[in-house]
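Peer 1: Numbering (this note's numbering), first residue to last: 1 to 356.
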Ligand SMILES: Cc1ncc(C[n+]2csc(CCOP(=O)(O)OP(=O)(O)O)c2C)c(N)n1
Ligand SMILES: [Mg+2]
C-alpha cells in the first residue's frame with residue numbers, strides 16, 4: 001500500500017495517465033507535419049483529474065467536455081483510434097472527420113461530446129442529468145469545464161437549475177489559472193474563489209490539487225459520493241496547469257503572459273512523475289513492470305497514429321451528410337463530374353435528395 005491506494009491501483013492510474021500524456025506528446029511532435037489540420041488544445045500536465053475521477057464512475061454515467069477534451073474522452077473509455085483519426089479528418093474518426101479535436105464523441109461509453117464554445121456543454125450536461133433523474137436511473141452526469149467557463153452566463157443558469165431540481169450532476173472545474181492569455185487575477189476579484197461562486201449558487205463544493213494524486217483521489221471520491229449517495233449537485237475546483245500554449249503544440253512562456261518560474265513550479269509538481277516515483281519507491285522489481293506498461297502503451301499509441309494515417313478521407317459525396325447548416329449559394333454537389341449547386345441539381349433533375 002502507498003497511502004490509501006494499493007500498488008495495483010497506482011499502476012492502473014499510471015498506465016492511464018501515461019497513455020494520455022503519450023498520446024498528446026505524439027500529437028505535439030507530429031503536428032507540424034500538417035496532417036492534423038484542426039486547432040488542438042493539449043492538456044499535458046492536467047491529465048490526473050479525469051483519470052482519477054474515472055475510478056468512481058460507471059460506464060452508464062454521462063460525461064461531456066470542452067475544447068480541451070482529449071483526456072476526458074480517453075479517461076471515459078473513448079476509442080483512441082477514432083480520436084486520432086478525427087484529428088486527421090478521416091472517415092474513421094469519431095465525428096466522421098468533420099469535427100476535429102474539439103468535437104469528440106463516443107456514445108458507446110456515454111461520452112456525449114465536446115464543444116468549441118466555452119460554456120456550451122454545461123447546459124447540455126445538466127440536461128443529461130435531468131434525463132437521468134426523470135428516467136429514474138442511478139446515472140450521474142459529469143460536466144468538465146475550465147475556469148473561464150464559470151464566467152459564462154450559461155454556467156449560472158444551468159448550475160441554478162441543477163440546484164433547484166436537485167440533479168445528479170458533478171461540475172469538474174479544471175482551474176488552470178488561464179483563459180487563453182488572461183490570468184484569473186485579471187478576471188476575478190482577488191478575494192473571491194470559483195468555489196465561493198459555486199457555493200453561492202447552492203452547489204456542494206470541493207477544492208483540490210490536481211497534481212497531488214492521493215489528495216485528488218480523496219477529493220474526487222468524496223465529491224462523487226456527494227452526488228451519488230447524498231444526491232447533491234456538486235462543484236469541484238481542481239487546481240491544475242497546462243504546460244503548453246493555449247492552442248497548439250508549442251511552449252509559449254516566452255511571449256510574456258506568464259512567468260517561466262510559475263511554469264517551472266507547476267512542472268515540478270508533475271503528477272505523472274510523482275506517481276511514478278511513488279510506485280518505484282515500493283520495491284526494486286517494480287521498474288521492470290512499469291517499463292512493460294510503458295512499452296504496451298506506446299505500441300497502442302503508435303498503432304492509433306498508423307490507423308489514422310492509413311484511414312481514408314470521407315468521400316466528397318458525403319460532404320453535406322451529418323451537417324446542420326449550409327449556405328445554399330455556396331453549396332456544391334461533388335458527386336457529379338462538374339459540381340453544381342444542390343439547388344441547380346434539384347431544379348434540373350427534380351431529384352429528391354436530402355443533403356442536410
Ligand atoms: C463563448 C466563447 N467565448 C470565447 C471563446 C474563445 N475561447 C476559446 S477557449 C477560451 C478560454 C477558455 O478558458 P477555460 O475555460 O479556462 O479553459 P482552458 O482553455 O483553460 O482549458 C476562450 C476565451 C469561445 N470559444 N467561446
Ligand atoms: Mg483555464
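Just so you know, even glycine gets a beta-carbon here, dropped at the ideal spot from N, CA and C.
Quick caveat, the model's predicted, so the values are computed rather than measured.
Excluding five sequence neighbours on each side, which residues of the same chain lie with their C-beta closer than 8 Å to the C-beta of residue 51?
Peer 2: As a working mapping, residue 51 is identified with position 51 in the chain shown. For residue 51, where only same-chain residues beyond five positions count, the Cβ hits under 8 Å are 13, 16, 17, 20, 71, 75.
Peer 1: Could you give the residue range of the alpha helix (DSSP H) that holds residue 238?
Peer 2: For the purposes of this step, residue 238 is identified with residue 238 of the chain shown, where counting begins at 1. Residue 238 -> not in any alpha helix (DSSP H); beta strand (DSSP E) instead, spanning 234 to 239.
Peer 1: Using C-beta distances below 8 Å, list every residue in its chain close to residue 146, excluding the 5 sequence neighbours before and after it, in chain order.
Peer 2: The residue given as residue 146 occupies position 146 in the chain shown. Excluding positions up to five away in sequence, the list reads 66, 68, 118, 173, 174, 175, 176, 179.
Peer 1: Could you check whether the Cβ of residue 147 sits closer than 7 Å to any heavy atom belonging to ligand 1?
Peer 2: By one-based count along the chain shown, residue 147 stands at place 147. Yes, the Cβ of residue 147 comes within 7 Å of a heavy atom of ligand 1.
Peer 1: Given a threshold of 16 other Cβ atoms within 10 Å of its Cβ, counted over all protein chains shown, does residue 313 qualify as buried or as exposed?
Peer 2: In the chain shown, residue 313 corresponds to position 313, counting from 1. Exposed, by the Cβ-count rule.
Peer 1: If distances are taken between C-alpha atoms only, which option among 27, 83, 236, 321 comes closest to residue 218?
Peer 2: As a working note, residue 218 is residue 218 in the chain shown. Of the listed residues, the one whose Cα sits closest to residue 218 is 236.
Peer 1: From residue 207 to residue 256, what does the alpha carbon distance come to, in whole angstroms?
Peer 2: The count along the chain shown starts at 1 and reaches residue 207 at position 207. The count along the chain shown starts at 1 and reaches residue 256 at position 256. Each residue's alpha carbon lies about 29 Å from the other.
Peer 1: Which residues bound the alpha helix (DSSP H) around residue 276?
Peer 2: The count along the chain shown starts at 1 and reaches residue 276 at position 276. Counting along the chain, the alpha helix (DSSP H) containing residue 276 begins and ends at 271 to 280.
Peer 1: State buried or exposed for residue 54, treating a residue as buried only when at least 16 other CB atoms are found within 10 Å of its CB.
Peer 2: By one-based count along the chain shown, residue 54 stands at place 54. The residue in question, residue 54, is buried, as its Cβ has 16 or more Cβ neighbours within 10 Å.
Peer 1: Determine contact between the segment 188 to 206 and the segment 23 to 35, defined as no fewer than three beta-carbon pairs at a distance below 8 Å.
Peer 2: The segment 188 to 206, when compared against the segment 23 to 35, does not touch it at the 8 Å Cβ threshold.
Peer 1: Pull up the distance between the alpha-carbon of residue 306 and that of residue 216, whole angstroms please.
Peer 2: Start at 1 with the first residue of the chain shown, and residue 306 comes out as number 306. Start at 1 with the first residue of the chain shown, and residue 216 comes out as number 216. So the alpha carbons of these two residues sit roughly 34 Å apart.
Peer 1: Look at residue 260 and residue 253 and say whether their C-beta atoms are less than 8 Å apart.
Peer 2: Translated into the one-based positions of the chain shown, residue 260 becomes position 260. Translated into the one-based positions of the chain shown, residue 253 becomes position 253. Their beta carbons are under 8 Å apart, which means residue 260 touches residue 253 by this criterion.
Peer 1: Tell me whether residue 23 is buried or exposed, calling it buried when 16 or more other Cβ atoms sit within 10 Å of its Cβ.
Peer 2: Position 23 of the chain shown, counted from the start, is the residue given in the question as residue 23. By the neighbour-count rule (16 or more Cβ atoms within 10 Å), residue 23 is buried.
Peer 1: With a threshold of 7 Å, establish whether the CB of residue 73 neighbours any heavy atom of ligand 1.
Peer 2: If you number the chain shown from 1, residue 73 lands on position 73. Outside the cutoff, so no.
Peer 1: In whole angstroms, give me the CA-to-CA distance for residue 355 and residue 320.
Peer 2: Stepping through the chain shown from its first residue, residue 355 is reached at position 355. Stepping through the chain shown from its first residue, residue 320 is reached at position 320. A caution first: residue 355 carries a pLDDT of 38, below 50, which makes its placement in the model too unreliable to give a value.
Peer 1: Is residue 68 near ligand 1, going by C-beta to nearest heavy atom under 7 Å?
Peer 2: For the purposes of this step, residue 68 is identified with residue 68 of the chain shown, where counting begins at 1. For ligand 1, at least one heavy atom lies less than 7 Å from the Cβ of residue 68.
Peer 1: Rounded to the nearest angstrom, what separates residue 46 and residue 211 at their Cα positions?
Peer 2: Along the chain shown, one-based indexing puts residue 46 at 46. Along the chain shown, one-based indexing puts residue 211 at 211. Approximately 8 Å between the Cα atoms of the pair.
Peer 1: Specify, as a first and last residue, the run of the alpha helix (DSSP H) that residue 83 falls within.
Peer 2: Counting from 1 along the chain shown, the entry for residue 83 is found at position 83. Start and end: 80 to 87.
Peer 1: Just to confirm my understanding: we take residue 289, look at its own chain, exclude 5 residues before and 5 after, and list those with CB closer than 8 Å. What are they?
Peer 2: Stepping through the chain shown from its first residue, residue 289 is reached at position 289. Excluding positions up to five away in sequence, the list reads 11.
Peer 1: For residue 103 and residue 116, what's the separation of their Cα atoms in angstroms?
Peer 2: One-based indexing of the chain shown puts residue 103 at position 103. One-based indexing of the chain shown puts residue 116 at position 116. Distance between the alpha carbons of residue 103 and residue 116 is about 7 Å.
Peer 1: Which same chain residues end up closer than 6 Å to residue 232 when comparing Cβ atoms and leaving out the 5 residues on each side of it in sequence?
Peer 2: Counting from one through the chain shown, the residue named residue 232 turns up at place 232. Excluding residues within five positions, the ones whose Cβ falls inside 6 Å are 204, 226.
Peer 1: Buried or exposed, going by whether 16 or more other CB atoms sit within 10 Å of the CB of residue 169?
Peer 2: As a first step, residue 169 must be located in the chain shown, where it is residue number 169. Per the 10 Å Cβ criterion, buried.
Peer 1: Just to confirm, is the Cβ distance from residue 85 to residue 311 under 8 Å?
Peer 2: Along the chain shown, read from residue 1 onward, the residue named residue 85 stands at position 85. Along the chain shown, read from residue 1 onward, the residue named residue 311 stands at position 311. It is a contact, given that the beta carbons lie within the stated cut-off.
Peer 1: Please name the residue in 98, 299, 241 whose C-alpha comes closest to that of residue 80.
Peer 2: In the chain shown, residue 80 corresponds to position 80, counting from 1. Selected option, being the one with the closest Cα: 299.
Peer 1: Distance, Cα to Cα, residue 136 vs residue 268?
Peer 2: Position 136 of the chain shown, counted from the first residue, corresponds to residue 136. Position 268 of the chain shown, counted from the first residue, corresponds to residue 268. Taking the straight line from one Cα to the other gives about 45 Å.
Peer 1: Taking residue 209 as the reference, which of 183, 241, 93 has the closest Cα?
Peer 2: Taking the first residue of the chain shown as 1, we reach residue 209 at position 209. Of the candidates 183, 241, 93, the one whose C-alpha sits nearest the C-alpha of residue 209 is 241.
Peer 1: Which class does residue 142 belong to by DSSP, given the choice of helix, strand or coil?
Peer 2: For the purposes of this step, residue 142 is taken as residue 142 along the chain shown, with counting starting at 1. Residue state, collapsed to three classes: strand.
Peer 1: How many angstroms separate the CA atom of residue 167 from the CA atom of residue 196?
Peer 2: On the chain shown, residue 167 is found 167 positions in, with the first residue counted as 1. On the chain shown, residue 196 is found 196 positions in, with the first residue counted as 1. Between residue 167 and residue 196, the C-alpha separation is close to 20 Å.
Peer 1: May I ask you to report which of helix, strand or coil DSSP gives residue 26?
Peer 2: The sequence position of residue 26 within the chain shown is 26, counting from 1. Looking at residue 26 - three-state DSSP - the assignment turns out to be helix.
Peer 1: Would you tell me roughly how many angstroms separate the C-alpha atoms of residue 222 and residue 39, rounded to the nearest one?
Peer 2: What you label residue 222 is simply residue 222 of the chain shown in a count that begins at 1. What you label residue 39 is simply residue 39 of the chain shown in a count that begins at 1. Using only the alpha carbons, I get a separation of about 35 Å.
Peer 1: Taking the straight line between their C-alpha atoms, what separation do you get for residue 248 and residue 26?
Peer 2: Here the question's residue 248 lines up with position 248 in the chain shown. Here the question's residue 26 lines up with position 26 in the chain shown. If I take the Cα positions, the gap works out to 13 Å.
Peer 1: For the beta strand (DSSP E) that contains residue 205, what are its first and last residues?
Peer 2: Against the chain shown, residue 205 aligns to sequence position 205. Element bounds for residue 205: 204 to 209.
Peer 1: Ordered along the chain, which non-local residues of its own chain (more than five positions away) have a Cβ less than 8 Å from that of residue 59?
Peer 2: Position 59 of the chain shown holds residue 59. For residue 59, where only same-chain residues beyond five positions count, the Cβ hits under 8 Å are 77, 109, 110.
Peer 1: Residue 392: which of 315, 283, 258 sits nearest, CA to CA?
Peer 2: One cannot answer for residue 392 here, as it falls past the ends of the chain, which runs 1 to 356.
Peer 1: Pop quiz: residue 159 and residue 201 are said to be a contact at Cβ under 8 Å. What is the actual Cβ separation, rounded to whole angstroms?
Peer 2: The residue labelled residue 159 in the question sits at position 159 within the chain shown. The residue labelled residue 201 in the question sits at position 201 within the chain shown. Indeed, because the Cβ distance is near 5 Å, the residues count as touching under 8 Å.
Peer 1: Tell me where the beta strand (DSSP E) around residue 174 begins and ends.
Peer 2: Locating residue 174 in the chain shown gives position 174, counting from the first residue. From DSSP, the beta strand (DSSP E) with residue 174 extends over 169 to 175.
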